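In the working numbering, the protein residues as written are 91 to 352.
Here is the structure we will look at, set down as structure tokens.
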């Protein structure tokens, strides 16, 4: 494995729910850039533009495209990411969940709202990991993660980014979205080079500032599952929805849609 994962990195990930993995995809930057260009030229059914009228720039995102974009599939299957995920999660197996592309063009001042990924998903488990990797150098527009938030007793209320409304009807079971800066929470963030990656738990609260730089901020994310991840019913349509999946509570995700990478 070319990417070195130290025991300290594993301990940091387990304790904080987030760790920096330098150079995870440094040899795969050009294929990922090509894949993002293909994705933006040929968006999938879940593609979204996340700006309201009058907001400057462009904030594009799309997910669940790896089976139709060959560059993404090459990176997922050919890189060290599954082995890195296994080490960080302390998991024997690593199962594919989905890919996610997020692009903030220059002058996009809108931030990515603070959120946890887990409440949007139909999976639960302590062995989960997302990788967020910029394909352009980033400073202020880097991912920001709240250390230890993956261990909070209540999940954070999931909301729709554009409409800013609750994702599910029963909002009382969730905690309100906090303001980590105002509340003095420990926020981890790094200046990053193309191919570096932030690895974080699905329940780690995270967000990002707007991109006021003169360059693009293209990011590729990959969501993977470990040994204990199981399907769980949510009180509404999940994101991603995967219609017609026919899974039931407690089930390992169906392997024909979500293959094991190791």
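Cβ coordinates follow ideal geometry from the N, Cα and C atoms, glycine included.
Here the structure is a predicted model, which is why all the values come from computation and not from measurement.
Nearest to residue i by alpha carbon, out of the options?
| i | options | result |
| --- | --- | --- |
| residue 296 | 288, 303 and 168 | 288 |
| residue 350 | 184, 156, 176 and 119 | 184 |
| residue 146 | 197, 286, 258 and 215 | 197 |
| residue 175 | 111, 334 and 339 | 111 |
| residue 261 | 249, 268 and 253 | 249 |
| residue 282 | 157, 271, 308 and 269 | 308 |
| residue 230 | 120, 302 and 99 | 302 |
| residue 299 | 332, 232, 225 and 172 | 232 |
| residue 205 | 139, 199 and 257 | 257 |
Would DSSP call residue i helix, strand or coil?
| i | result |
| --- | --- |
| residue 147 | coil |
| residue 138 | strand |
| residue 297 | strand |
| residue 156 | coil |
| residue 321 | strand |
| residue 311 | strand |
| residue 194 | strand |
| residue 122 | helix |
| residue 169 | coil |
| residue 98 | helix |
| residue 306 | coil |
| residue 189 | strand |
| residue 34 | The structure shown does not extend to residue 34, since the chain is modelled only from 91 through 352, so no value can be given for it. |
| residue 174 | helix |
| residue 105 | helix |
| residue 398 | In the structure as shown, the chain begins at 91 and stops at 352. Residue 398 is therefore absent and cannot be evaluated. |
| residue 162 | helix |
| residue 209 | helix |
| residue 261 | helix |
| residue 131 | helix |
| residue 239 | helix |
Give me the Cβ distance between residue i and residue j, rounded to the nearest whole Å; I'm assuming they're in contact under 8 Å.
| i | j | result |
| --- | --- | --- |
| residue 320 | residue 341 | 6 Å |
| residue 179 | residue 150 | At roughly 29 Å, the Cβ-Cβ gap does not stay under 8 Å, so residue 179 and residue 150 are not in contact. |
| residue 251 | residue 201 | About 10 Å; that fails the 8 Å criterion. |
Excluding the 5 residues flanking residue i on each side, which residues of the same chain have their C-beta closer than 7 Å to its C-beta?
| i | result |
| --- | --- |
| residue 329 | 210 |
| residue 244 | 264 and 265 |
| residue 247 | 256, 261, 264, 265, 266 and 267 |
| residue 103 | 109, 178 and 289 |
Between residue i and the rest of its own chain, which residues show a CB-CB distance below 8 Å, the 5 nearest in sequence each way excluded?
| i | result |
| --- | --- |
| residue 259 | 325 and 326 |
| residue 170 | 91, 92, 93 and 114 |
| residue 193 | 126, 130, 148, 149, 150, 151, 306, 307, 308 and 309 |
Just checking: is the beta-carbon of residue i within a distance shorter than 8 Å of some beta-carbon in chain C?
| i | result |
| --- | --- |
| residue 269 | Looking at the structure shown, chain C is missing, and only one protein chain is on hand. |
In chain order, what residues of the same chain have a beta carbon less than 6 Å from the beta carbon of residue i, not counting five sequence neighbours either side?
| i | result |
| --- | --- |
| residue 219 | 175, 178, 179, 289 and 314 |
| residue 312 | 189 and 221 |
| residue 323 | 339 |
| residue 167 | none |
| residue 208 | 292 and 293 |
| residue 254 | none |
| residue 44 | Here the chain has residues from 91 to 352 only, and residue 44 is not among them. |
Answer yes if the stretch 225 to 240 comes into contact with the stretch 274 to 281, meaning at least three C-beta pairs across the two stretches below 8 Å, and no otherwise. Counting Cβ pairs under 8 Å, three or more are found: they touch.
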